[in-house]
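Read in order, the letters of the sequence shown correspond to residues 1 to 334 in this note's numbering. Even glycine gets a Cβ: it sits at the ideal position worked out from N, Cα and C. Here's the structure, in structure tokens; my notes come after.
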Amino acid sequence: MPRFMSPLRPRYMRSPSDIPKEGLQITPTPQQTAPDTANDSENPEEPQYPETVCASEGTFRQIRDDSLVLLSQGISHRLIRSEEGPFQIFILPEHEDRARLQLALYRKENPPKEENPPLPLSFSLQPLWVLLAPTIVTLIDFTDKVNFHTRGISDASKVLKGEWWRSFTAQTLHGDVRHLASNLLCGYIVMNMITFRIPLLRLAPFIVIASAIANLCVSLTVQTNFRSLGFSTFVFAAIGCLSVIEFRLMPKETHGLLRRFAPLCGAASLAVFLGLGENADILGHAYGFIAGLFCGFIPSKKALRWGTPLSTIDGIGLLLYYAFYIVAWKLAMA
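Shown next, in the form of structure tokens:
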């Protein structure tokens with residue numbers, strides 16, 4: 001586990017060998033009491049630390065203040081950054097009650113603020129991997145070499161007869177270049193904002209399923225020869241997902257219903273602004289937004305607050321994302 005070496009820590013806390021006898025007492029381990037032949041080992045032993053307990057957890061600023069409180073009371077401790085992201089303070093068990101009491105008194109006088117600071121603007125490549133699928137399928141469809149349009153469009157009557165895969169294939173088709181460009185632009189903006197909180201690729205399979213469910217709901221609602229296509233259902237599901245993520249990260253101290261539900265209201269307004277237009281699938285946009293709301297509850301709040309680096313899970317998520325479309329198109333072309 002990586003260790004965070006705080007400049008606020010006393011010098012004797014930076015190296016276990018420098019701990020004074022009147023401070024932390026390290027219990028001898030079997031490796032230390034073994035004969036001197038153990039010193040001939042090629043790989044040096046990792047430093048042994050006494051058993052400790054976590055007394056505090058939070059952001060760097062919170063842990064810095066807690067560290068100053070403990071230092072002012074002469075309580076030895078060490079700082080570690082966990083794999084999930086937050087910083088932690090560890091102390092000896094015999095100092096736990098006293099340390100928690102001092103931290104509680106400090107927080108009573110200085111209540112901590114659960115903040116959700118704005119993030120700096122950045123651009124991620126993750127949305128491009130997601131947008132690659134509808135781009136490739138649409139461009140192939142524009143060449144007229146393969147009859148994708150007839151086999152893949154979401155036809156309500158055919159979907160209700162059992163051709164459920166059209167709810168997936170329709171997401172990758174577009175009417176013209178302007179239709180494709182608008183979905184790609186809006187899709188990148190929305191999905192790029194999701195990457196500020198959590199890797200997009202691990203959420204992409206869930207958003208695909210939510211979009212397909214939205215298309216199924218449209219077919220069940222209309223139950224006529226209603227046809228629709230476009231990646232916009234996915235985009236609106238991503239908007240719904242983003243709104244719930246930001247809603248979950250709102251500080252608990254936020255007062256007033258309007259301010260508390262600002263992310264949801266803002267996302268709904270954006271959905272209405274983008275969803276209304278000539279030949280727009282209003283039902284598909286509405287169902288997509290509603291289905292995407294549930295996707296926002298999938299990641300844990302801890303992962304959203306502290307951030308999560310890219311890992312193997314994201315690669316698996318990307319493969320599942322493409323697998324849904326590949327399987328759907330194989331069924332459509334069969």
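How should residue i be labelled, buried or exposed, when 16 other C-beta atoms within 10 angstroms of its C-beta is the threshold for buried?
{"i": "A156", "result": "buried"}
{"i": "F123", "result": "exposed"}
{"i": "M191", "result": "buried"}
{"i": "Y321", "result": "buried"}
{"i": "P251", "result": "exposed"}
{"i": "V159", "result": "buried"}
{"i": "L103", "result": "buried"}
{"i": "I136", "result": "exposed"}
{"i": "I75", "result": "buried"}
{"i": "D314", "result": "buried"}
{"i": "T169", "result": "buried"}
{"i": "N110", "result": "exposed"}
{"i": "V208", "result": "buried"}
{"i": "E246", "result": "buried"}
Beta-carbon within less than 8 Å of residue i's beta-carbon, same chain only, minus the 5 sequence neighbours each way: which residues are those?
{"i": "V218", "result": "S154, A156, F226, S228, D281, L283, G284, Y287"}
{"i": "I140", "result": "V146, F148"}
{"i": "P127", "result": "G187, Y188, M191, N192, T195, L200"}
{"i": "L319", "result": "none"}
{"i": "V69", "result": "Q102, L103, Y106"}
{"i": "G266", "result": "S243"}
{"i": "L121", "result": "none"}
{"i": "L270", "result": "I239"}
Near residue i, what residues of its chain come up, given a Cβ to Cβ distance below 6 Å and the 5 sequence neighbours on each side ignored?
{"i": "L293", "result": "G240, V244"}
{"i": "S211", "result": "Q171, T233, F234, A237, G288"}
{"i": "I316", "result": "none"}
{"i": "F261", "result": "none"}
{"i": "Q73", "result": "Q102"}
{"i": "P93", "result": "V53"}
{"i": "P263", "result": "S243, E246, F247"}
{"i": "V177", "result": "none"}
{"i": "L71", "result": "none"}
Could you check how far apart the C-beta atoms of residue i and residue j are, in whole angstroms? I think they sit under 8 Å.
{"i": "L131", "j": "G187", "result": "6 Å"}
{"i": "L201", "j": "W129", "result": "7 Å"}
{"i": "L58", "j": "W329", "result": "The identity of residue 58 in the sequence shown is Gly, whereas the question assumes Leu. Going by Cβ atoms, the distance from G58 to W329 rounds to 48 Å, so no, they are not a contact pair."}
{"i": "G230", "j": "H179", "result": "6 Å"}
{"i": "F90", "j": "R78", "result": "5 Å"}
{"i": "A332", "j": "W165", "result": "5 Å"}
{"i": "R100", "j": "A55", "result": "6 Å"}
{"i": "A268", "j": "A214", "result": "Going by Cβ atoms, the distance from A268 to A214 rounds to 15 Å, so no, they are not a contact pair."}
{"i": "L173", "j": "T138", "result": "6 Å"}
Looking at C-alpha atoms only, which residue of the options is the closest neighbour of residue i?
{"i": "P134", "options": "T308, F87, Y325, E246", "result": "Y325"}
{"i": "R248", "options": "L304, P199, D65", "result": "L304"}
{"i": "C197", "options": "S56, R61, M333, S300", "result": "The sequence given here has Arg at residue 197, not Cys. That would be S300, whose Cα lies nearest to the Cα of R197."}
{"i": "V53", "options": "R64, D97, L71", "result": "D97"}
{"i": "L242", "options": "E163, F297, L220", "result": "F297"}
{"i": "E163", "options": "E246, L216, C295, A267", "result": "L216"}
{"i": "A204", "options": "C295, L220, T169, F142", "result": "C295"}
{"i": "R81", "options": "R64, L119, L125, V177", "result": "R64"}
{"i": "L125", "options": "I207, L310, A334", "result": "L310"}
{"i": "P86", "options": "H95, T308, T312, A334", "result": "T308"}
Which residues in the same chain have their Cβ closer than 7 Å to the Cβ of residue i, if we skip the five residues on either side of it in sequence?
{"i": "Q223", "result": "A156, L160"}
{"i": "L119", "result": "F196"}
{"i": "S167", "result": "S154, V159, A212, N215, L216"}
{"i": "H95", "result": "I75"}
{"i": "S182", "result": "none"}
{"i": "F206", "result": "C295, I298"}
Tell me the start and end of each unbroken alpha helix (DSSP H) in the region 160-206 that is at least 4 residues and wholly inside, in chain order.
-> 166-169, 177-194
4 or more residues per run - each alpha helix (DSSP H) lying fully within the region 221-248 | Scanning the region 221-248 for uninterrupted alpha helix (DSSP H) segments of 4 residues or longer gives 232-248, listed from N- to C-terminal end.
What are the uninterrupted segments assigned as beta strand (DSSP E) that are 3 or more residues long and contained completely in the region 64-96, given in chain order?
-> 78-81, 87-91
Every unbroken alpha helix (DSSP H) inside the region 280-321 [4 residues or more] = Within the region 280-321, the complete alpha helix (DSSP H) runs of at least 4 residues are 282-295, 301-306.
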